[in-house]
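Heads up: the structure comes next, in structure tokens.
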Amino acid sequence: MANLIIVGAQWGDEGKGKIVDIYTEYAQDVVRFQGGNNAGHTLVVGDQKTVLHLIPSGILHEGKRCIIGNGVVLDPKVFLEEIEGLKKKGYLQDDRQLMVDGAVNLIMPYHKRIDIARELKSGAKKIGTTGRGIGPTYEDKVGRRGIRFADLLKPETFKRKLHEVLAEKNFYLENFLDEQPLDEQEISDEYLGYAEKLRCYLGRASTEIDRAIKAGHNILFEGAQGSLLDVDHGTYPYVTSSSTVAGGACTGAGIGPSLITDVIGISKAYVTRVGEGPFPTELHDEMGERLRAAGHEFGATTGRPRRTGWLDIVALKEAVRTNGLTGIALTKMDVLNDLETIKVCTAYKHGERLLEEFPQDFDILRECTPVYEEVAGWQSDINAVQKYAELPQQVRDYVDKIEAWTGCPVVLVSVGPRRDQTIQRINPFAEKN
Ligand code: GDP
Ligand code: IMO
Ligand code: MG
Numbered sequence: 007m008a009n010l011i012i013v014g015a016q017w018g019d020e021g022k023g024k025i026v027d028i029y030t031e032y033a034q035d036v037v038r039f040q041g042g043n044n045a046g047h048t049l050v051v052g053d054q055k056t057v058l059h060l061i062p063s064g065i066l067h068e069g070k071r072c073i074i075g076n077g078v079v080l081d082p083k084v085f086l087e088e089i090e091g092l093k094k095k096g097y098l099q100d101d102r103q104l105m106v107d108g109a110v111n112l113i114m115p116y117h118k119r120i121d122i123a124r125e126l127k128s129g130a131k132k133i134g135t136t137g138r139g140i141g142p143t144y145e146d147k148v149g150r151r152g153i154r155f156a157d158l159l160k161p162e163t164f165k166r167k168l169h170e171v172l173a174e175k176n177f178y179l180e181n182f183l184d185e186q187p188l189d190e191q192e193i194s195d196e197y198l199g200y201a202e203k204l205r206c207y208l209g210r211a212s213t214e215i216d217r218a219i220k221a222g223h224n225i226l227f228e229g230a231q232g233s234l235l236d237v238d239h240g241t242y243p244y245v246t247s248s249s250t251v252a253g254g255a256c257t258g259a260g261i262g263p264s265l266i267t268d269v270i271g272i273s274k275a276y277v278t279r280v281g282e283g284p285f286p287t288e289l290h291d292e293m294g295e296r297l298r299a300a301g302h303e304f305g306a307t308t309g310r311p312r313r314t315g316w317l318d319i320v321a322l323k324e325a326v327r328t329n330g331l332t333g334i335a336l337t338k339m340d341v342l343n344d345l346e347t348i349k350v351c352t353a354y355k356h357g358e359r360l361l362e363e364f365p366q367d368f369d370i371l372r373e374c375t376p377v378y379e380e381v382a383g384w385q386s387d388i389n390a391v392q393k394y395a396e397l398p399q400q401v402r403d404y405v406d407k408i409e410a411w412t413g414c415p416v417v418l419v420s421v422g423p424r425r426d427q428t429i430q431r432i433n434p435f436a437e438k439n
């Protein structure tokens, strides 16, 4: 039995979707536990690319159960479009493959409007959100005025809750954000129109997971975003509004921490970030452009160019600690193929002080400059390599150094976007079977 959590170890887009797709081969159930359609997880099978925003990345494997846990926030329109897209491609032919917890909070039209209008109003101080209504939805969840997935299936409850909340939302939209108010009937008609199509997916994550564990299943918990975007442990306030670290899997799916067997953090061989906020190793030069071009670093959700920089060990150690990582999966190693030398940040300089730990204080973090070590590049194409021993010595040296710096084993190296471009060193599922 293995219950494995996959999290992003940086600022998102580390390649979580690809790794979840790979590991789904060894699991029977895949569970999303936080975030919403701010996520964009890319899977490449053969030459076919699929981007998933809400549905767990195990969905391309026939018969594997995909569960959307209570910690997720869900936009029903986006969810139905995603289902339709998958069905058209020949996936998800049996609706029983997919389940949504009744306690999932719904992203409502006012959440999206507030998100976008607030960003506009903030000007230079904006967060750079995805504009999908994520923050405002989590605010309402914690503020106990959220509308849940199960409410949508009870029209009278849905209408009552919408009526109770909309007056306040419209007041805020009109009087603070200078926006148009929203029409209650329109929202009600639109959302209740989705309800019957969604009814078949209603379930309860916690009991379903419990049953699966008792039946001897291996379960994969798929994180969205990344550890440095965590609402508590990330670069606040430039974060998302959910618990992206491994602990979030327990609250967001209803499983106790004692049942988790492994936590794998996904890290690129360099770093990217999309949206605003501190990024100590960011490159503003030609090298940054080179990484963006070689890695096709444009957002899978918004299409925005991603900011790029060298691998940051100080930040990665933060992810190792806040998640209790038992392994690192290193992705996009092939993007560094052409480089003569590769820089890695092993500490920060703040004034005269050398920092080896990621500062919690935002002002200090902003003033930090990276201290780099240089490692040799391999200057060859590794995209077709299948065995770890066949990777150039310089690649293996880079991996050894990352293990030594972080104190965490590198269990997998990814050398391209496709399934067959994956080199597993330690298989966390195989070990448990
Ligand atoms: P996620 O949000 O963490 O699932 O990552 P995204 O899908 O947003 O971004 C990762 C991008 O890198 C996608 O376009 C993937 O197809 C691609 N990718 C994943 N692993 C590799 C790899 O090892 N090499 C290359 N070149 N691309 C990769
Ligand atoms: P995946 O799962 C990268 C970023 C946004 C913004 C901040 C807050 O594909 O790795 P939000 O819309 O969540 O309120 O935006 O978080 N962000 C992501 N960056 N990958 C993601 O998801 C992200 N989801 C949100 O760019 O900086
Ligand atoms: Mg992404």
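The sequence shown runs 7 to 439 under the working numbering.
All C-beta atoms in this analysis are idealised placements derived from N, C-alpha and C, irrespective of residue type, glycine included.
Within this structure, are the beta carbons of V36 and G14 separated by less than 9 angstroms?
-> In this structure, the beta-carbon distance from V36 to G14 does not fall below 9 angstroms.
Say the cut is 8 angstroms; is the CB of H47 nearer than that to a heavy atom of the ligand MG?
-> yes
Rounded separation between F435 and V50 - CA only = 22 angstroms
Bounding residues of the alpha helix (DSSP H) (the contiguous stretch that carries C256) = Where C256 is concerned, the enclosing alpha helix (DSSP H) stretches over G253 to A259.
Grouping DSSP H, G and I as helix and E and B as strand, with all else coil, what is Q427?
-> coil
Selection from D107, L10 and V419 that minimises the alpha carbon distance to P398 = V419
Looking at C-alpha atoms only, which residue of M339, K167 and D367 is the closest neighbour of D403?
-> M339
Is V57 near G23, with beta carbons less than 9 angstroms apart?
-> yes
C-alpha distance - H290 paired with L179, whole-angstrom precision | 37 angstroms
Run the CB neighbour count on L265, radius 10 Å, all protein chains shown included, and call it buried at 16 or more, exposed below.
-> exposed
Buried or exposed: which applies to T375, given that a residue is buried once 16 or more other Cβ atoms fall within 10 Å of its Cβ?
-> exposed
Taking 8 angstroms as the cut-off, does the CB of D189 come closer than this to any heavy atom belonging to the ligand GDP?
-> No, the ligand GDP has no heavy atom inside 8 angstroms of this Cβ.
Leaving out five residues on either side along the sequence, give the residues of the same chain with a beta carbon under 8 angstroms from the beta carbon of N389.
-> Cβ neighbours of N389 beyond the five flanking positions: D340, N343, V421, G422 and Q427.
Would you tell me roughly how many angstroms separate the C-alpha atoms of H356 and E373, rounded to the nearest one?
-> 6 angstroms
For the 8 angstroms Cβ check, are there 3 or more pairs between the segment 353–372 and the segment 318–332?
-> yes
Any heavy atom of the ligand IMO closer than 8 angstroms to the Cβ of S386?
-> Answer for S386: no, Cβ out of range of the ligand IMO.
From what residue to what residue does the alpha helix (DSSP H) around H169 run?
-> Per DSSP, H169 belongs to the alpha helix (DSSP H) from P161 to N181.
If you measure from the CB of D19, is any heavy atom of the ligand MG nearer than 8 angstroms?
-> yes
Return the first residue and the last residue of the beta strand (DSSP E) that K55 is part of.
-> Q54 to L58
Touching or not, the segment 177–193 and the segment 226–238, by the rule of three or more beta carbon pairs under 8 angstroms?
-> no
Would the beta-carbon of I272 fall within 9 angstroms of that of G21?
-> The answer is yes: Cβ separation under 9 angstroms.
Would the C-beta of I272 count as close to the ligand GDP, meaning under 8 angstroms from any of its heavy atoms?
-> yes
For S248, does the count of other Cβ atoms within 10 angstroms reach 16, so buried, or fall short, so exposed?
-> buried
Determine the DSSP secondary structure at R298, reduced to helix, strand or coil.
-> If DSSP states are grouped into helix, strand and coil, R298 belongs with the helices.
If you draw a straight line from the alpha carbon of P161 to that of E409, how long is it in whole angstroms?
-> P161 and E409 have their C-alpha atoms roughly 54 angstroms apart.
Across which residues does DSSP place F304 in a beta bridge pair?
-> Per DSSP, P311.
For T287, I'd like the list of residues in its chain whose CB is within less than 7 angstroms of its CB, leaving aside the five on either flank, ordered along the chain.
-> In its chain, beyond the 5 residues on either side, V277, G315, W316, D318, C351 and P376 have a beta carbon closer than 7 angstroms to the beta carbon of T287.
Can you grab the Cα-Cα spacing for the pair L158 / P82, in whole Å?
-> 10 angstroms
Where I334 and A45 are concerned, what is the direct C-alpha to C-alpha distance, given to the nearest angstrom?
-> Rounded to whole angstroms, the separation of the alpha carbons of A45 and I334 is 20 angstroms.
C-alpha distance - V171 paired with Y207, whole-angstrom precision = Taking the straight line from one Cα to the other gives about 26 angstroms.
D157 by DSSP, collapsed to three states: which one?
-> In this structure, D157 counts as helix in the three-state DSSP scheme.
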